[in-house]
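Chemist:
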Amino acid sequence: MSPLLCFRRVTCWRGGRVLFSDVDFELGPGEALQVAGPNGAGKSSLIRIAAGLLRPESGSVETASLALADDNLALDPELPLRRALAFWGGSTEGGLHALGLAVLRDVPVRLLSSGQRKRATLARVVASDAPLWLLDEPLNGLDSDGAALLASLVVEHRKAGGAILAASHVDLPGSWRRLELTP
Amino acid sequence: MIGQLIAREVRRGFSGPAWLPAAFFLLVATLVPFAIGPDPKLLARIGGGVLWVAALTAALLPIERLVEPDRADGILDQLSIRGVADESIAAAKIAGHWLTFGPLLLISAIIAALLLDVAPDQLPKLLIALFVGSLALAALAVAVASLTAGLPRAGALAGLLLLPLAIPLLIFGAAASGDNASGALLLEIAIALFVLAGSPFVAGAAIRASRT
Numbered sequence: 046m047s048p049l050l051c052f053r054r055v056t057c058w059r060g061g062r063v064l065f066s067d068v069d070f071e072l073g074p075g076e077a078l079q080v081a082g083p084n085g086a087g088k089s090s091l092i093r094i095a096a097g098l099l100r101p102e103s104g105s106v107e108t109a110s111l112a113l114a115d116d117n118l119a120l121d122p123e124l125p126l127r128r129a130l131a132f133w134g135g136s137t138e139g140g141l142h143a144l145g146l147a148v149l150r151d152v153p154v155r156l157l158s159s160g161q162r163k164r165a166t167l168a169r170v171v172a173s174d175a176p177l178w179l180l181d182e183p184l185n186g187l188d189s190d191g192a193a194l195l196a197s198l199v200v201e202h203r204k205a206g207g208a209i210l211a212a213s214h215v216d217l218p219g220s221w222r223r224l225e226l227t228p
Numbered sequence: 012m013i014g015q016l017i018a019r020e021v022r023r024g025f026s027g028p029a030w031l032p033a034a035f036f037l038l039v040a041t042l043v044p045f046a047i048g049p050d051p052k053l054l055a056r057i058g059g060g061v062l063w064v065a066a067l068t069a070a071l072l073p074i075e076r077l078v079e080p081d082r083a084d085g086i087l088d089q090l091s092i093r094g095v096a097d098e099s100i101a102a103a104k105i106a107g108h109w110l111t112f113g114p115l116l117l118i119s120a121i122i123a124a125l126l127l128d129v130a131p132d133q134l135p136k137l138l139i140a141l142f143v144g145s146l147a148l149a150a151l152a153v154a155v156a157s158l159t160a161g162l163p164r165a166g167a168l169a170g171l172l173l174l175p176l177a178i179p180l181l182i183f184g185a186a187a188s189g190d191n192a193s194g195a196l197l198l199e200i201a202i203a204l205f206v207l208a209g210s211p212f213v214a215g216a217a218i219r220a221s222r223t
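Protein chains in written order, with our numbering: chain A, 46 to 228; chain B, 12 to 223.
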């Protein structure tokens, strides 16, 4: 089966220093990889390179259709949550239900708490139907219920043949392959 | 996606103070007679030029909300991930911005022309010139907004960038609003087409460069 994400000898140079070099991995259907490491090790940069938002200094990246959840909400603050999510297409109601946000569908995005905002970014990813999920610090702002929901969504997505690349400085729940970055 | 993006820009424009540039435009046009005196002949002679200066300054007001909020909130990143080219994003922003800026400006121009005693036969020429100019101003505003997105004191910097770039429009636009207007109008249209064609690429490159 062809991989959904493929890094070939990828080197990232930022702020006058090499963050990581010759990173090489593949992520196939059903796989999950956690990029770990301390602050400044390049975890978010690796996610942004995978998303095509940053160019690597050298090497190549191939990806399937993907969805990204990072610290940016990317939802219009004045709109009700359901309408704001619907702008990005996909199964909006499915995303809202999956993250326990259905009761907040008519609440303007600007009134959501930080934890609810994090759930909303994850709902956008779930709604996208993309086979590859990129999650940057997915546990930030989530309570224990939210973390448990995320863990179950990861399992479901892997069972459905999807793949997940997540960057986190803490261990994520469930079974993950691990890529350690050192500063 | 481009249609949705244009609709979103229009919605955002009208959900915010879309009337502000038009009100500012009217205010500037209203203040001029207080400054130079109520001589009808003088007002009629300089009316077209005054309206153009007012339009230029009004075009500065919305610049900070055109690109920076979407950059800071990750919306530009999400659009890029979905395969929307940065140039297409810029073109959609130009179209959406004009729809919230241009028509209100033209309506305000009719009122301001009456206040400045612009001759009735001059008004259609003035409106055509302002219509063409407002398209180019919208394109310039999005390009400048993209270039200054994320920079400190972006609003002041945007003014310093936009006003000099708009000088050719001001010269030929004001000339096209007066007598012997046809040649000036053609030159204004040529400049506007150049700006409209180039701005999405400038803005697209600036959006790409702003990604960190």
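Don't be surprised by glycine CBs; every beta carbon is placed ideally from N, CA and C.
Do leucine 72(A) and proline 101(A) have their C-beta atoms closer together than 9 Å?
Modeler: no
Chemist: Under the three-state reduction of DSSP, which class applies to tryptophan 109(B): helix, strand or coil?
Modeler: helix
Chemist: Decide if proline 175(B) is buried, meaning its Cβ has at least 16 other Cβ atoms within 10 Å, or exposed.
Modeler: With fewer than 16 other Cβ atoms inside 10 Å of its own Cβ, proline 175(B) counts as exposed.
Chemist: Please name the residue in Ile92(A), Gly61(A) and Leu141(A) whose C-alpha comes closest to that of tryptophan 178(A).
Modeler: Ile92(A)
Chemist: Measure the C-alpha to C-alpha separation of leucine 173(B) and alanine 203(B) and round it to an integer number of angstroms.
Modeler: 14 Å
Chemist: Leaving out five residues on either side along the sequence, give the residues of the same chain with a beta carbon under 8 Å from the beta carbon of isoleucine 218(B).
Modeler: Correct list, in chain order: Val78, Arg82, Leu87, Asp97, Ile100, Ala101, Ser157 and Ala160.
Chemist: Give me the Cα-Cα distance between alanine 154(B) and proline 179(B), rounded to the nearest whole angstrom.
Modeler: Straight-line Cα distance between these residues: approximately 16 Å.
Chemist: Just tell me which of Lys136(B), Pro135(B) and Thr111(B) has its CA closest to the CA of alanine 29(B).
Modeler: Across the set Lys136(B), Pro135(B) and Thr111(B), the C-alpha of Thr111(B) shows the shortest separation from the C-alpha of alanine 29(B).
Chemist: Take every Cβ of the stretch 164-178 of chain A, pair it with every Cβ of the stretch 192-204 of chain A, and state whether three or more of those distances are shorter than 8 Å.
Modeler: yes
Chemist: Starting from the beta carbon of glutamate 123(A), find every residue of chain B whose beta carbon is closer than 7 Å, and list them in chain order.
Modeler: Ser26
Chemist: From leucine 195(A) to phenylalanine 65(A), what distance separates their C-alpha atoms?
Modeler: Leucine 195(A) and phenylalanine 65(A): Cα-Cα distance of roughly 28 Å.
Chemist: Taking only beta carbons into account, state which residues of the stretch 77-97 of chain B come closer than 7 Å to chain A, listed in chain order.
Modeler: Asp84, Gly85, Ile86, Asp88, Gln89, Ser91 and Ile92
Chemist: For glycine 71(A), which residues does DSSP report across the bridge?
Modeler: Before going on, a small fix: residue 71(A) reads as glutamate here, not glycine. Answer is Cys51(A).
Chemist: Does the ligand NAP have even one heavy atom less than 8 Å from the beta-carbon of leucine 117(B)?
Modeler: You won't find the ligand NAP in this model; it holds no ligand whatsoever.
Chemist: So, helix, strand or coil for glycine 189(B), using DSSP?
Modeler: Residue state for glycine 189(B) is assigned as coil, using DSSP reduced to three classes.
Chemist: Using the beta-carbon of each residue, which ones in chain A are nearer than 9 Å to arginine 222(B)?
Modeler: Arg93, Leu98 and Leu99
Chemist: Would you call the CB atoms of alanine 192(B) and alanine 186(B) closer than 9 Å?
Modeler: yes
Chemist: Using C-beta distances below 8 Å, list every residue in its chain close to leucine 117(B), excluding the 5 sequence neighbours before and after it, in chain order.
Modeler: Leu138, Leu141, Phe142 and Ser145
Chemist: DSSP state of arginine 62(A), grouped into three classes?
Modeler: strand
Chemist: If leucine 217(A) sits next to leucine 184(A), beta carbons under 8 Å apart, how far is it from one beta carbon to the other, in whole angstroms?
Modeler: 7 Å
Chemist: Would you mind telling me which residues of chain A sit closer than 7 Å to arginine 19(B), beta carbon to beta carbon, in chain order?
Modeler: Phe132
Chemist: Using the DSSP secondary-structure output, state which residues sit across from leucine 120(A) in a beta bridge.
Modeler: Answer is none; leucine 120(A) lacks a bridge partner.
Chemist: Is the separation between the beta-carbon of leucine 99(A) and that of threonine 223(B) shorter than 9 Å?
Modeler: yes
Chemist: Which residue wins for smallest C-alpha separation from arginine 128(A), given the options Ala193(A), Ala168(A), Ser103(A) and Thr227(A)?
Modeler: Ala168(A)
Chemist: What does the Cβ neighbour count give for lysine 88(A), buried or exposed, with the cut at 16 atoms within 10 Å?
Modeler: buried
Chemist: Any idea what DSSP makes of glycine 97(A), helix, strand or coil?
Modeler: coil
Chemist: Taking Cβ-Cβ distances shorter than 8 Å, what residues in chain B pair up with leucine 118(A)?
Modeler: Against leucine 118(A), the close residues of chain B are Asp84 and Gly85, in the order they occur along the chain (beta-carbon pairs closer than 8 Å).
Chemist: With leucine 103(A) and arginine 54(A) assumed to form a contact (beta carbons below 8 Å), what rounded beta-carbon distance in angstroms separates them?
Modeler: It should be noted that the sequence gives serine, not leucine, for residue 103(A). About 7 Å; that satisfies the 8 Å criterion.
Chemist: Look up leucine 162(B) in the DSSP assignment and say whether it is helix, strand or coil.
Modeler: coil
Chemist: Evaluate the contact criterion for the stretch 53-68 of chain B versus the stretch 121-128 of chain B: three or more CB pairs, one atom per stretch, below 8 Å.
Modeler: yes
Chemist: Mind checking whether glycine 139(A) and alanine 172(A) have CB atoms under 9 Å apart?
Modeler: yes
Chemist: At what residues does the alpha helix (DSSP H) containing arginine 222(A) begin and finish?
Modeler: Taken as a continuous stretch (DSSP letters only), arginine 222(A) belongs to no alpha helix (DSSP H), being part of the beta strand (DSSP E) at 222-225.
Chemist: What are the start and end residues of the alpha helix (DSSP H) that includes valine 64(B)?
Modeler: 51-71
Chemist: Whose CA, out of Arg93(B), Phe36(B) and Ala103(B), lies closest to the CA of alanine 66(B)?
Modeler: Phe36(B)
Chemist: Quick one: measure Cβ to Cβ for glutamate 225(A) and glycine 82(A), integer angstroms, because I've assumed they're closer than 8 Å.
Modeler: 6 Å
Chemist: How is the beta strand (DSSP E) around serine 159(A) delimited, first residue to last?
Modeler: Looking at the DSSP string, serine 159(A) is not in any beta strand (DSSP E); the run it does join, the alpha helix (DSSP H), is 159-173.
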